[in-house]
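Encoded as structure tokens, the structure appears first; notes follow it.
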Amino acid sequence: MRIRILDKYIFKEVFKTFIFGICAFSAVFIGSGTLFRIAQYITEYGASVTSVIKIFVLSLPGVVIWTFPMSMLLASLLTIGRLSGNSEITAMKSCGISFYRIATPAIVLGAFVSVFAVGFNEYVVPWSNEAYSNVLEYEIKGNLSPQSQEHIIIKEIKQGKIEKLVYARQFVAESNTMEGIAMQSFEQGELKHVENAEYAEWKDNMWTMHNGMIYDVADGKSQHTMRFDTQVLPINESPRQIVQSQKKPEEMTMKELSEQIGIMKSQYVNTSKLETELHQRMTIPMASLIFTLVGVPLGMQPNRNSSSMGFVMSIIIIFIYYSLMTMAGAIAQGGMVNPMLAVWLPNIVGLLAGGYLMRRMAK
Numbered sequence: 001m002r003i004r005i006l007d008k009y010i011f012k013e014v015f016k017t018f019i020f021g022i023c024a025f026s027a028v029f030i031g032s033g034t035l036f037r038i039a040q041y042i043t044e045y046g047a048s049v050t051s052v053i054k055i056f057v058l059s060l061p062g063v064v065i066w067t068f069p070m071s072m073l074l075a076s077l078l079t080i081g082r083l084s085g086n087s088e089i090t091a092m093k094s095c096g097i098s099f100y101r102i103a104t105p106a107i108v109l110g111a112f113v114s115v116f117a118v119g120f121n122e123y124v125v126p127w128s129n130e131a132y133s134n135v136l137e138y139e140i141k142g143n144l145s146p147q148s149q150e151h152i153i154i155k156e157i158k159q160g161k162i163e164k165l166v167y168a169r170q171f172v173a174e175s176n177t178m179e180g181i182a183m184q185s186f187e188q189g190e191l192k193h194v195e196n197a198e199y200a201e202w203k204d205n206m207w208t209m210h211n212g213m214i215y216d217v218a219d220g221k222s223q224h225t226m227r228f229d230t231q232v233l234p235i236n237e238s239p240r241q242i243v244q245s246q247k248k249p250e251e252m253t254m255k256e257l258s259e260q261i262g263i264m265k266s267q268y269v270n271t272s273k274l275e276t277e278l279h280q281r282m283t284i285p286m287a288s289l290i291f292t293l294v295g296v297p298l299g300m301q302p303n304r305n306s307s308s309m310g311f312v313m314s315i316i317i318i319f320i321y322y323s324l325m326t327m328a329g330a331i332a333q334g335g336m337v338n339p340m341l342a343v344w345l346p347n348i349v350g351l352l353a354g355g356y357l358m359r360r361m362a363k
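FYI, my numbering numbers position 357 of the sequence shown as 357, with every residue one higher than the one before it.
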């Protein structure tokens, strides 16, 4: 019973500081970034009050997701540091409670926050980013005409199975054309027909492909081929509808990112940027648990100024981690190292450091 009361006490104290950290770090991000952008939208585009409120609210999930790891580190350092500074940790140890038992409530909270952050990053953040982009482009900037864009993907799905997939290397707004066309038709999930073309133009409310080749596919092999000068591309979407349906990487779920990577790889397109984004969807949320493993042992020090020291240490560790993460992301996007290995490297370093500190403190 005493252990349960102690668990609740430590868990509650860490959780309260965690909430404080989210509010504090979010305020810093909003003050230094979001409010500055909103001011630009008002002065440059005359954004309405309604649009400004939408932009502010929709920007919050993208900000909050970055504060989870920071807040867990701050909560672990400050809470455990305060308990240590007030000799409460010493009292617990004198009652025979081990270091690992004392650290368990904080680690459990860190694990819970990591799992929650993965779900939040998968279902809430992409939706809010897409809605933010729509409000910015169509309500504030008034970009009603389609804009040039690379890597156009159009999918036709019926009853959960893909029937048609169209990939275009780029859409050129000035000429209303799509270049580097590849269309694949499926039956019961199997590829049956392929059409490639140099470009397709939007004219008379239809897409017409030019200078292409048709392939019939059976058993995974091309059976019949035929060249063509012009061929109708069987999609009904206008240029504006096509461009509006495309999502940026930060607006996609992990499933959508994986599908996009697979499609682009089939067209021999470099996907390092998308793979980096995909793996960061896991590494950033998982940093909450790793920061807890680092913060708990560092917080266990008999320092009467534990709050100020804990805050300073939090800033230093956060700076080191996010510097490593930025460099790893740049290396991954540059294709110099496998994206998965590069993106996970800061977390691996943090996990090793946390494991070493935990083991050292337990001795």
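Think of the CB as a built atom: it goes at the ideal place given N, C-alpha and C, for glycine as much as any other residue.
Determine the extent of the alpha helix (DSSP H) in which L77 is found, giving its start and end residues. Per DSSP, the continuous alpha helix (DSSP H) segment holding L77 begins and ends at 49–85.
The alpha helix (DSSP H) enclosing T177, as first and last residue numbers: Where T177 is concerned, there is no enclosing alpha helix (DSSP H), although the beta strand (DSSP E) around it starts and stops at 177–187.
Measure the C-alpha to C-alpha separation of S51 and N129 and round it to an integer number of angstroms. 15 Å
Nearest to S48 by alpha carbon, out of I140, E174, E250? I140
Okay, do the region 56–76 and the region 112–122 touch, 3+ Cβ pairs below 8 Å being the bar? yes
Stretch-stretch touch, CB-based, cutoff 8 Å, three pairs: the region 238–251 with the region 284–301: no
With a threshold of 16 other CB atoms inside 10 Å of the CB of S175, please say whether the residue is buried or exposed. exposed
What's the C-alpha gap between Y41 and E156? 36 Å
By a C-beta neighbour count over all protein chains shown, 10 Å radius and 16 as the cutoff for buried, is M1 buried or exposed? Unreliable placement is indicated for M1, whose pLDDT of 48 sits below 50; the coordinate value is still reported in the next sentence. Flag for M1 reads exposed.
Closer than 8 Å by C-beta to V217: which residues in its own chain qualify, once you throw out the five before and the five after it? Chain order, please. L191, K192, H193, V194, Q223
Please return the same chain residues whose Cβ sits closer than 6 Å to the Cβ of G350, not counting the five positions on each side in sequence. Hits under 6 Å: I290.
Helix, strand or coil for Y268? Go by DSSP, reduced to three states. coil
Residue range of the unbroken alpha helix (DSSP H) whose run includes A117: 99–123
Just to check my reading of the structure: A353 and A342 have Cβ atoms closer than 8 Å, yes? What is that Cβ distance to the nearest angstrom? Their Cβ separation, rounded to whole angstroms, is 18 Å, which puts A353 and A342 out of contact at 8 Å.
When the Cα of G180 is compared with those of Q267, M361, A39, I318, which residue comes out closest? Q267
What did DSSP end up calling T90 once you bin it into helix, strand or coil? DSSP places T90 in helix when its eight states are reduced to three.
Does the distance from the C-beta atom of A168 to that of P146 stay below 7 Å? no
Would you say the region 77–84 touches the region 257–276, given that touching needs at least three Cβ pairs under 8 Å? no
Is the distance from the Cβ of A75 to the Cβ of V14 below 7 Å? yes
Enumerate in chain order the residues of its own chain whose CB-to-CB distance from R281 is below 6 Å, with the five nearest sequence positions on each side excluded. N121, M254
Cα separation between R304 and F36? With a pLDDT of 46 at R304, under the threshold of 50, the modelled position of that residue is not reliable, and the figure given next carries that caveat. When the Cα atoms are used, R304 and F36 turn out to be separated by approximately 38 Å.
Less than 8 Å between the CB atoms is what I'm expecting for M209 and T230, so what's the real figure, rounded? Beta-carbon to beta-carbon, M209 and T230 are separated by about 7 Å, close enough to satisfy the 8 Å threshold.
Less than 8 Å between the CB atoms is what I'm expecting for V232 and M206, so what's the real figure, rounded? 6 Å
The region 17–34 in contact with the region 85–101 per 3-pair CB rule at 8 Å: With a cut-off of 8 Å, the region 85–101 and the region 17–34 do not count as touching, because too few Cβ pairs lie within range.
7 Å Cβ cutoff met for Q149 and F171: yes
Would DSSP call Q170 helix, strand or coil? strand
Counting only the same chain and skipping the five closest in sequence on each side, list residues whose C-beta sits under 6 Å from that of N134. So no residue of the chain qualifies.
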